[in-house]
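Remarks on the structure that follows.
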Amino acid sequence: MPENLIFRLPPTFETVEEERRHRKERLAAALRVFGKLGFEEGVAGHITARDPELTDHFWVNPFGMSFKHIRVSDLILVDHAGQVVEGRYPVNEAAFAIHSQVHQARPGVVAAAHSHSVYGRALSALGQVIEPITQDACAFYQDNALFDDYTGVVTDLEEGKRIAAALGGNKAVVLRNHGLLTVGDTVDAAAWWFITMERSAQVQLVAKAAGQVVPIEPANAALTHQQIGNDLVGWINYQPLHDQIVREQPDLFE
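In terms of my numbering, the sequence shown opens at residue 6 and continues consecutively.
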C-alpha cells in the first residue's frame with residue numbers, strides 16, 4: 006500500500022491514562038450510536054469497557070440515562086463487587102450481573118454490548134442463532150451461541166455466570182426471550198458485532214418469512230468467517246459510524 010494512503014488501525018497508547026480516556030470516549034460514542042439506531046427500550050441495555058489499569062473494574066452507562074444523552078463525564082466505574090467507585094449515578098443491576106461475569110470469564114474481552122433491540126428480541130423469542138445465509142452473517146458462523154433459558158430479569162450473579170458459560174469463546178450469544186449480547190477486544194468491535202448481528206437477525210427473520218432460505222455452504226461460510234469475523238475487521242467496519250456520531254454530536258466528549 007502506498008505510504009501516502011490513510012488506512013486507520015486501532016491506536017496504541019503510551020500511558021494508561023491515555024488508554025482509559027480513549028476507552029471512555031469510544032464507550033460514550035458507541036452509546037450515542039446505539040441511541041441513534043433505536044436500540045433503547047426504557048432503562049434496559051448497556052455497553053461496558055474494561056478499565057485498562059483496574060482490570061476487574063469496568064466503565065458503563067449509568068442507570069436510567071438515555072443512550073442519546075450520555076457524555077464521557079456521565080460514565081460510571083464499577084468494581085468487582087458491583088460498587089460504583091467513580092461517577093455520580095447508580096449502576097443497572099442487570100448490567101453488573103451479566104457483564105461482570107462475562108468480563109471475568111473472558112480476560113481478553115475489553116467490551117461487551119447488550120440491549121433489547123427489536124430484531125434481536127424477535128430472534129431470541131424463536132430460540133434461534135444467526136445462520137450463515139448472507140455474507141455479513143458469516144461473521145457469526147460457529148461464533149454465536151444460544152443461552153437457552155429465561156428466568157426473569159438477570160439480577161443474580163449465578164445467572165450471569167451461566168450466560169458467560171453459554172457465550173464460551175464466541176463473539177456473541179442470543180439470550181432466549183431476551184436479546185443479544187456481543188463482545189470484542191475493543192469497544193468499537195463489540196459495538197459493531199452488536200449492530201451487524203441485529204441487522205443479520207432482521208435479514209434472517211425477513212428471509213425466512215418470505216420463503217425457503219439458501220444457506221451458504223459450510224466451507225464457504227468458514228472461509229468468509231476467517232475473512233470478516235475477527236475483531237480487527239469489526240473495528241474497521243465500525244469507524245464510519247463512529248465518525249458520523251462524533252461529527253454530529255461532539256458534546257459527547259464533555
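The beta-carbon is built from N, C-alpha and C at its ideal position, and this holds for glycine as well.
C-alpha distance - residue i paired with residue j, whole-angstrom precision
i      : j      : result
Ile250 : Arg37  : 7 Å
Ile221 : Gly165 : 33 Å
Ala34  : Leu14  : 18 Å
Ala102 : Ala206 : 25 Å
Glu203 : Leu237 : 19 Å
Val179 : Ala170 : 12 Å
Pro245 : Gly173 : 30 Å
Phe39  : Gly216 : 31 Å
Glu24  : Gln88  : 22 Å
Thr139 : Ala130 : 21 Å
His119 : Thr187 : 7 Å
Gln254 : Glu45  : 18 Å
Arg167 : Ala110 : 11 Å
Ile241 : Gln231 : 15 Å
Asp79  : Val218 : 45 Å
Asn175 : Ala224 : 19 Å
Glu1   : Ala142 : Coverage of the chain is limited to positions 6 through 259, which leaves residue 1 absent and any answer about it impossible.
Ala117 : Asn9   : 35 Å
Leu257 : Glu98  : 24 Å
Leu128 : Ile75  : 28 Å
Pro16  : Tyr94  : 30 Å
Thr229 : Val211 : 22 Å
Val123 : Glu22  : 37 Å
Residues bridged to residue i [DSSP beta-bridge criterion]
i     : result
Thr53 : Val65, Ala117
Glu46 : Ala49
Buried versus exposed call for residue i [16 or more other C-beta atoms within 10 Å across all chains shown]
i      : result
Gln106 : buried
Val192 : buried
Tyr243 : buried
Pro137 : buried
Val134 : buried
Phe18  : exposed
Ile11  : exposed
Gln209 : buried
Thr20  : exposed
Val96  : buried
Glu30  : buried
Thr60  : exposed
Gly234 : buried
Val158 : exposed
Arg55  : buried
Ala196 : buried
Arg252 : exposed
Ala150 : buried
Residue i Cβ short of 7 Å to the ligand NAD heavy atom set
i      : result
Gln133 : What this structure holds is no ligand at all, so the ligand NAD is not there to describe.
Anticipated Cβ contact below 8 Å, residue i with residue j, distance rounded
i      : j      : result
Gly92  : Pro67  : 7 Å
Leu82  : His51  : Wrong, their Cβ atoms sit about 14 Å apart, outside the cutoff.
Val77  : Asp84  : With 8 Å as the limit, Val77 and Asp84 do not qualify as a contact, their Cβ atoms being about 20 Å apart.
His121 : Ala49  : 5 Å
Val115 : Asp190 : 5 Å
Phe145 : Ala194 : Actually they do not touch by this definition, with Cβ atoms about 13 Å apart.
Asp148 : Arg181 : Actually they do not touch by this definition, with Cβ atoms about 18 Å apart.
Gly125 : Gly184 : 5 Å
Thr53  : Ala100 : 7 Å
Leu32  : Ile200 : The pair is not a contact, with the Cβ atoms about 15 Å apart (cut-off 8 Å).
Ile104 : Val65  : Residue identity differs from the one stated: residue 104 is His in this sequence, not Ile. 7 Å between Cβ atoms; contact.
C-beta neighbour in chain B for residue i, strict 8 Å
i      : result
His121 : Of the chains in the structure shown, none is chain B; there is only one protein chain.
Q: Enumerate, from N- to C-terminal direction, the unbroken beta strand (DSSP E) stretches of 3 or more residues contained entirely within the stretch 122-210.
A: Every beta strand (DSSP E) of 3 residues or more that sits fully in the stretch 122-210 is shown, in chain order, as 149-152, 177-180, 184-189.
Q: Any chance you could list the beta strand (DSSP E) runs of at least 3 consecutive residues sitting entirely within the stretch 71-114, in chain order?
A: As far as the stretch 71-114 is concerned, its whole beta strand (DSSP E) runs of at least 3 residues are 81-83, 89-91.
Q) Which parts of the stretch 226-256 are runs of the alpha helix (DSSP H), unbroken and 4 residues or longer, counting only runs that do not cross its ends? A) If we require 4 residues or more, the alpha helix (DSSP H) runs fully inside the stretch 226-256 come out as 236-253.
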